[in-house]
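A short write-up of the structure that comes next.
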Amino acid sequence: MIQSMTGYGKQVVQLATKKITVELKSLNSKNLDINSRIPQGYRDKELVLRKLIADSLVRGKVDFGLYVEITGEDTSAEINQGVVKKYMEQLSTIADGDDFKLLELALRMPDTLKTDKDDIDEGEIAAIKEALKKALAALQSFRTTEGQVLEKDFETRLKMLRELLQEVISIDPNRLKSIRERLEKAVTDLKTDVDENRFEQELIYYLEKYDITEEKVRLGNHLDYFETTLHSSNSNGKKLGFICQEIGREINTIGSKANYAPMQQIVVQMKDELEKIKEQLLNVL
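Numbering-wise (my numbering), the sequence shown opens with residue 966 and increments by one.
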């Protein structure tokens, strides 16, 4: 089953004096690229949290946010006024709003609170890790659901490519007949005597250059291989991409050998369907 690289996961944990929110968003990328947004006091735990993400997600551009809100009354935390004012100044340049609204937005930003407590409780770190694991599970579930949508689209495109391949196969005899007739007419128009045996040999050689039997067989095999890989137990976006390259080569070769307008029109349709598959493959894990 394939998975999309697009996903979203969120988990909220309420502790005695804090509300902790873990949020994950992912988009397509060739490799794993994690962009983290963590309060200053939690920076020393960033590597541990990033490793949890890397162990779970193979590829994708991932935005990871950790938001901590003080909810308890008995706390030494104070508002970091300098940071809050700077946030408000920056927000006022990009959005209209009164000071109260800007203050509300600014307080949601990182590092707006400062505390005398240097060490973070181990129980809090354990709760953050557990919340991250649940957010990752939600993101994976989102990716699976998106992957099912992509899979149906790929099946539709594959079905269309198979139908177009059958059209190529069905008109191929007429194509060869048409090429032969054109060559014979060209020789007749020369109004000169030719050796029939030699002409027949040259004609056979010429027609063999335009034979697409191997391309038709290989294209059919590649489509079968794509479908098998599509329905395998793992998500193989890169592998499907490589198979698409092979499919494209066979389609291009058929087009270059066609020398027959009806078949070239079919080839254009095949290329169009293949491009749609390639575009969607960019989102597959």
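Where a beta carbon is used, it is the ideal one built from N, C-alpha and C, also for glycine.
Where residue i falls: helix, strand or coil (DSSP)
i, result
"T1036", "coil"
"D1028", "strand"
"N1000", "strand"
"I1177", "coil"
"G1220", "helix"
"T982", "coil"
"G1112", "helix"
"I1044", "strand"
"V1049", "helix"
"Y1190", "helix"
"S1106", "helix"
"V1249", "strand"
"S1197", "coil"
"Y1170", "helix"
"S994", "coil"
"L989", "strand"
"Y1007", "helix"
"V1023", "coil"
C-beta contact flag for residue i and residue j at 8 Å
i, j, result
"T971", "E1111", "yes"
"I985", "F1029", "no"
"L1250", "V1048", "no"
"L1115", "S991", "no"
"A1071", "L980", "no"
"I1242", "C1209", "yes"
"Y973", "I1085", "no"
"G1025", "L1067", "no"
Close beta carbons around residue i, own chain, < 7 Å, minus the five adjacent residues each side
i, result
"L1141", "L1172"
"T1218", "E1180"
"E1269", "The structure shown does not extend to residue 1269, since the chain spans only 966 to 1250, so no value can be given for it."
"Y1170", "none"
"Y1175", "I1144, K1222 and N1224"
"T1153", "none"
"M1228", "V1133, I1136 and R1140"
"K1094", "L1017"
Cβ distance (whole Å) where residue i is taken to contact residue j below 8 Å
i, j, result
"I967", "S1143", "Going by Cβ atoms, the distance from I967 to S1143 rounds to 42 Å, so no, they are not a contact pair."
"T1077", "I1044", "7 Å"
"N993", "L1247", "5 Å"
"V1027", "L989", "6 Å"
6 Å CB neighbourhood of residue i in its chain, flanking five on each side removed
i, result
"I1003", "E1011 and L1031"
"A1096", "Q976, V978 and V987"
"R1108", "Q968, S969 and G972"
"P1075", "P1004"
Nonlocal neighbours in the same chain, by C-beta distance under 8 Å from residue i, ignoring five residues either side
i, result
"I1212", "L1126, L1184, H1187, L1188, F1191 and L1239"
"K983", "V1033, E1034, I1035, T1036, G1037 and E1089"
"L1130", "K1181, L1184, G1185, L1188 and M1235"
"K995", "R1024"
8 Å Cβ cutoff, residue i in contact with chain D
i, result
"S1221", "Protein chain content of the structure displayed is limited to a single chain, and chain D is not contained in it."
The ligand ATP heavy atom lying under 7 Å from the CB of residue i
i, result
"E1192", "Absent from the structure shown: the ligand ATP. Ligands present: none."
TODO: Say whether the stretch 1226–1233 touches the stretch 1100–1107, bearing in mind that this needs 3 or more beta-carbon pairs closer than 8 Å, one atom from each stretch.
DONE: Inter-segment contact for the stretch 1226–1233 and the stretch 1100–1107 is absent: fewer than three beta-carbon pairs are separated by less than 8 Å.
Open item on the list: Assess contact between the stretch 1049–1059 and the stretch 1019–1031, defined as three or more Cβ pairs (one per stretch) separated by less than 8 Å. Is contact present?
Closed with: No: fewer than three Cβ pairs fall under 8 Å.
Task: Any 3 or more C-beta pairs closer than 8 Å across the stretch 1176–1195 and the stretch 1126–1141 - done: Under the three-pair Cβ rule at 8 Å, the stretch 1176–1195 counts as touching the stretch 1126–1141.
Task: the stretch 1114–1125 in contact with the stretch 1185–1198 per 3-pair CB rule at 8 Å - done: When Cβ pairs closer than 8 Å are counted between the two stretches, the stretch 1114–1125 is seen to touch the stretch 1185–1198, the count reaching three or more.
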